[in-house]
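Residue numbers for the sequence shown follow our numbering, beginning at 1411 and rising by one.
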Amino acid sequence: MHKKMVAAFTLLEMLIVLMIISILILLFVPNLSSQKTTIKETGNAAVVKVVASQAELYQLNHSGKVSLKILLENGNITQQQVDAYHAYYALAKNKGEKPEIPAD
């Protein structure tokens, strides 16, 4: 009687493939997390520009000083934009940057 040879991977081959996949994952995951941080910082910088534009528009239409609180109360900006504005300048404080628009 002849035994048929079954074509299959050996346990050693499977372990080698899993090891290679693990090494590739270890190489790419840290890069993805740094990209996430960069994207968030870029987004917050864009929000700062939007808030500054809204402040300029408010000053053109109204007299007096403008603040984040006034812009929020009038509906010019959202609470998420205020939070992103504060987050941007919390990180930028280390570089010596100061917010253009006061909070109150």
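We put the beta carbon where it would ideally sit given N, CA and C, even for glycine.
query: Distance, Cα to Cα, Ile-1480 vs Pro-1440?
result: Ile-1480 and Pro-1440 have their C-alpha atoms some 41 Å from each other.
Range of the contiguous alpha helix (DSSP H) that encloses Lys-1446: The continuous alpha helix (DSSP H) containing Lys-1446 extends over residues 1421 to 1471.
Buried versus exposed call for Leu-1467 [16 or more other C-beta atoms within 10 Å across all chains shown]: So Leu-1467 counts as exposed.
- prompt: So, is Leu-1428 buried or exposed, given that buried needs 16 or more other C-beta atoms within 10 angstroms?
  reply: Exposed, by the Cβ-count rule.
query: When burial is assigned at 16 or more other CB atoms within 10 Å of the CB, is Asn-1454 buried or exposed?
result: Looking at its Cβ environment, which holds 16 or more other Cβ atoms inside 10 Å, Asn-1454 is buried.
query: Where does Gln-1469 land, buried or exposed, given buried means 16+ other C-beta within 10 angstroms?
result: Gln-1469 is exposed by the Cβ-count criterion.
- prompt: Do you know offhand how far Lys-1413's Cα is from Glu-1423's?
  reply: Rounded to the nearest angstrom, the two C-alpha atoms are 23 Å apart.
query: If we ignore side chains and look at the alpha-carbon of each, how far apart do Thr-1448 and Leu-1442 end up?
result: The straight-line gap from Cα to Cα measures roughly 10 Å.
field: First through last residue of the alpha helix (DSSP H) which encompasses Val-1492
entry: Counting along the chain, the alpha helix (DSSP H) containing Val-1492 begins and ends at 1489 to 1502.
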